[in-house]
Structure formats: C-alpha cells, structure tokens
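Read the structure below first, then the notes.
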Amino acid sequence: EAQVTQNPRYLITVTGKKLTVTCSQNMNHEYMSWYRQDPGLGLRQIYYSMNVEVTDKGDVPEGYKVSRKEKRNFPLILESPSPNQTSLYFCASSAPRGEQYFGPGTRLTVT
Amino acid sequence: AQKITQTQPGMFVQEKEAVTLDCTYDTSDQSYGLFWYKQPSSGEMIFLIYQGSYDEQNATEGRYSLNFQKARKSANLVISASQLGDSAMYFCAMREISAGNNRKLIWGLGTSLAVNP
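Those sequence lines, one after another, are chains A and B.
Mapped onto the numbering used here, the consecutive letters of the first sequence carry residue numbers 1048 to 1158.
Mapped onto the numbering used here, the consecutive letters of the second sequence carry residue numbers 447 to 563.
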C-alpha cells in the first residue's frame, strides 16, 4: 500500500529536550515536505527536499532541522523545542503532478 | 495578498444534497495546478481532486467535481449527494509550476462542512 508514515503520532515533551519526528514514504517520490498546522494560520511549510541531500527552507524554518540521506526518509528535528512549536505536524511527499500525500500527522505539545 | 481565498469559514448541507465550496486563487503563472483536500476530525489530510491550468475539462472524481473558471480564477469544489462522512474541513491549494520551489502547495484557510442528517 502506497503510504507516508510518521512517528510518533503524539508527543508531549519539555522545553529544550531534543526530539526527532520520523517520516518515511514508499512511493519513490523525490519531493518531500514538512508542514505545521495551527488554528487560523493554515498549513505552513517548514522545510522541503527536492531529492536526496537537497533540502531547503520553507516559510517557517526557525527552530527546525531536516536531513535527507535516503530517498524514502525525511526526519524533522527539533534541537531545542519551545512552547511555540506546539502544533500538528505533517510530512508529505509529492507525486509528479504535484498532489501531495500526507502522513497521519504528529501532535506535538511542548511544555 | 492571499493567493488562495476560501471565503466560507463554515457551511451546512442536508444529507443527499449537493454543496459547493468556494475557492479563488491569485497567480500570474500561466501553468499551475489546483488541488482540494479533506481533513476529517481525525486529522489526516486526504487528497481529493486535481485540476491543471491547461485542462479543458473540469476534473471529476466520483462524487467530487471541480468547477474551474479560469478567467474568474476560481476553482470551486462540488460535492454531490452529500453523506454524513463528508463532514470535515476542506482545503483548496495551488501549485505554481514556474516557481523555484515548484512543488510547494499554497494553501487556503479551509472551509468547515457539516452534513446534517
């Protein structure tokens, strides 16, 4: 089954404790993205990757890091999480036509 | 300026009736794509339908159709024969193919649809 997986689905953590959200796709897509979704602000792109070892900032990259060492994996790293990073996070991969397929989401709470 | 505008924050529809969700877009690109997504209360984002700027016919996918009016820059989603399971947030998005980040989707703020039994 074609899918994007994310883990964990839910995470509660404390300020400053480094965390990684994993993302994996099995559709051989080159382009992958991370988004955060906040009420009233919609979906905002954090980082994207056009291919292995090619990553770039999206609209709200501050406080996040990514890596793309393999085509299928695109982890999101929060090195020192802060409460303003409490959000719903989505990983997505893009088919050639442009539609993006999303992971199930990760609800992150930083206290 | 917002590139994707969804003017209806909330909509109600009776079960089995059709409903139209509005989306207008703003781009100077000649080549672009338009997308609709559904987000149920469980949170996942589900791709529904795609329309390319050069497509001459309106896209259809089952009960979903996209009313594409290029001159008016509108891409309204029509859901026919609404079902209770259609209750969700619906997002319109656009891809500008000539942009540097040309797989990026630009999102509207969504319309919340409630289907009444």
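Think of the CB as a built atom: it goes at the ideal place given N, C-alpha and C, for glycine as much as any other residue.
Proximal residues of chain A, C-beta to C-beta of residue i below 7 Å
i         : result
B:Gly-551 : Reading off the sequence, residue 551 of chain B comes out as Leu, not Gly. Simply Gln-1147.
B:Tyr-510 : Ordered by position in chain A, no residue passes the 7 Å Cβ test against B:Tyr-510, which lies about 13 Å from the chain.
Rounded distance between the beta-carbons of residue j and residue i, thought under 8 Å
i          : j          : result
B:Thr-451  : B:Gly-554  : 6 Å
A:Leu-1123 : A:Val-1068 : 5 Å
A:Arg-1056 : A:Thr-1153 : 6 Å
B:Arg-471  : B:Ala-521  : According to the sequence displayed, residue 471 of chain B carries Tyr and not Arg. Confirmed, about 6 Å.
A:Tyr-1082 : A:Phe-1121 : About 12 Å; that fails the 8 Å criterion.
A:Phe-1149 : B:Glu-490  : 7 Å
A:Ala-1139 : A:Met-1079 : 7 Å
A:Leu-1125 : A:Tyr-1111 : 6 Å
B:Leu-467  : B:Gln-454  : 7 Å
B:Ile-543  : B:Asp-475  : 6 Å
Same chain, Cβ closer than 8 Å to residue i, neighbours up to 5 away in sequence not counted
i          : result
A:Val-1101 : Arg-1115
B:Leu-551  : Phe-481, Ala-539, Met-540 and Arg-541
A:Thr-1060 : Leu-1066, Pro-1128, Leu-1155, Thr-1156, Val-1157 and Thr-1158
B:Ser-511  : Ile-495, Asn-504, Ala-505, Leu-523, Val-524 and Ser-526
B:Arg-549  : Arg-541
Proximal residues to residue i (C-beta, below 6 Å), its chain only, five neighbours per side dropped
i          : result
A:Gly-1105 : Gln-1092, Ile-1093, Tyr-1094 and Tyr-1095
B:Val-561  : Val-459, Glu-461, Ser-528, Leu-530, Asp-532 and Ser-533
B:Lys-519  : Thr-470 and Tyr-471
B:Ser-558  : Gly-456 and Met-535
Close Cβ partners of residue i (< 7 Å) along its chain, the five nearest in sequence each way excluded
i          : result
A:Asp-1085 : Ser-1134
A:His-1076 : Ser-1140, Ser-1141 and Ala-1142
B:Glu-507  : Leu-494 and Ile-495
Contacts of residue i in chain A (Cβ-Cβ under 8 Å)
i         : result
B:Gly-554 : Gly-1089
B:Tyr-496 : Arg-1144, Gly-1145 and Glu-1146
Chain B contact residues for residue i, given Cβ-Cβ distances below 8 Å
i          : result
A:Phe-1137 : Met-491
A:Pro-1151 : Gly-489 and Glu-490
Neighbouring residues, chain B, relative to residue i (Cβ below 7 Å)
i          : result
A:Ser-1141 : Arg-549
A:Arg-1083 : Ordered by position in chain B, no residue passes the 7 Å Cβ test against A:Arg-1083, which lies about 12 Å from the chain.
A:Pro-1055 : By Cβ distance, chain B contributes nothing, its closest Cβ being about 14 Å from A:Pro-1055, past 7 Å.
A:Gln-1092 : Lys-550
A:Gly-1063 : Residues of chain B passing the Cβ test: none, with the nearest at roughly 27 Å.
Proximal chain B residues relative to residue i, where beta-carbon distance stays under 9 Å
i          : result
A:Pro-1130 : Here the premise fails: no neighbours, minimum Cβ distance about 21 Å.
Problem set entry | Whole runs of the alpha helix (DSSP H) within the segment 1067 to 1115 of chain A, excluding any shorter than 4 residues | Annotation: the segment 1067 to 1115 of chain A contains no complete segment of the alpha helix (DSSP H) (minimum length 4 residues).
Exercise. Going along the segment 1101 to 1118 of chain A in order, which residues come within less than 8 Å of chain B, judged by CB to CB distance?
Worked result: Asp-1103 and Gly-1105
For this session: Anything in the segment 527 to 549 of chain B with a Cβ closer than 7 Å to a Cβ of chain A? List those residues in chain order, please.
Result: Arg-541, Asn-547 and Arg-549
For this session: Taking only beta carbons into account, state which residues of the segment 453 to 480 of chain B come closer than 8 Å to chain A, listed in chain order.
Result: Hits within the stretch, in order: Gly-479.
Problem set entry | Runs of beta strand (DSSP E) wholly within the segment 510 to 547 of chain B (minimum 3 residues, chain order) | 510 to 515, 520 to 525 and 534 to 542
Problem set entry | Unbroken stretches of the beta strand (DSSP E), 3 residues or longer, contained in the segment 1132 to 1156 of chain A | Segments of the beta strand (DSSP E) lying fully in the segment 1132 to 1156 of chain A: 1134 to 1141 and 1147 to 1149.
For this session: Could you pull out every unbroken beta strand (DSSP E) segment of at least 3 residues lying fully inside the segment 468 to 516 of chain B, listed in chain order?
Result: As far as the segment 468 to 516 of chain B is concerned, its whole beta strand (DSSP E) runs of at least 3 residues are 478 to 485, 492 to 498 and 510 to 515.
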